[in-house]
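Sequential numbering of the sequence shown, starting at 41, is according to this note's numbering.
Yeah, the Cβ is synthetic: ideal placement off N, Cα and C, and Gly gets one too.
So the structure is just underneath, and the comments pick up after that.
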Amino acid sequence: MDLNNKQRKTLELIFTDPVPANINWQDIESLFIALGATIDQGKGSKISVTLNDVISIFHRPHPQKETDKGAVKSVRKFFQTAGIEP
41 MDLNNKQRKT LELIFTDPVP ANINWQDIES LFIALGATID QGKGSKISVT LNDVISIFHR
101 PHPQKETDKG AVKSVRKFFQ TAGIEP
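See below:
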């Protein structure tokens, strides 16, 4: 797992308790890509992310750039299922 400092920090934030609500969604997408995930655009703000044969559907936040706590928890669960931990 070859992550830059910002991606490593984003991964650590995702696994922080209490769950932060101020993670920029673009940073999460950058982390998905750095970990080797594929991202497929769905309808509207929906995207499908595939990582280590695990598939999850997420909605890009809009109009704000930050991800809410529920979405961060979903990303954390997705990473755990795909075998990704900080």
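| Item | Value |
| --- | --- |
| Sub-8 Å separation of ALA122 and LEU91 beta-carbons | yes |
| Secondary structure of ASP80, DSSP reduced to three states | strand |
| Residue(s) in a DSSP beta bridge with GLU106 | ASN64 |
| Validate contact between the stretch 48 to 68 and the stretch 81 to 90 using beta carbons, cut 8 Å, 3 pairs | no |
| With 16 other Cβ atoms within 10 Å as the buried cut-off, status of ILE54 | buried |
| Cβ shell of LEU143 (< 7 Å), same chain only, five flanking positions each side left out | Limits of the chain in this structure are 41 at one end and 126 at the other, which puts residue 143 out of reach. |
| 8 Å contact criterion, which TRP65 and ARG116 should meet: CB distance rounded | About 14 Å; that fails the 8 Å criterion. |
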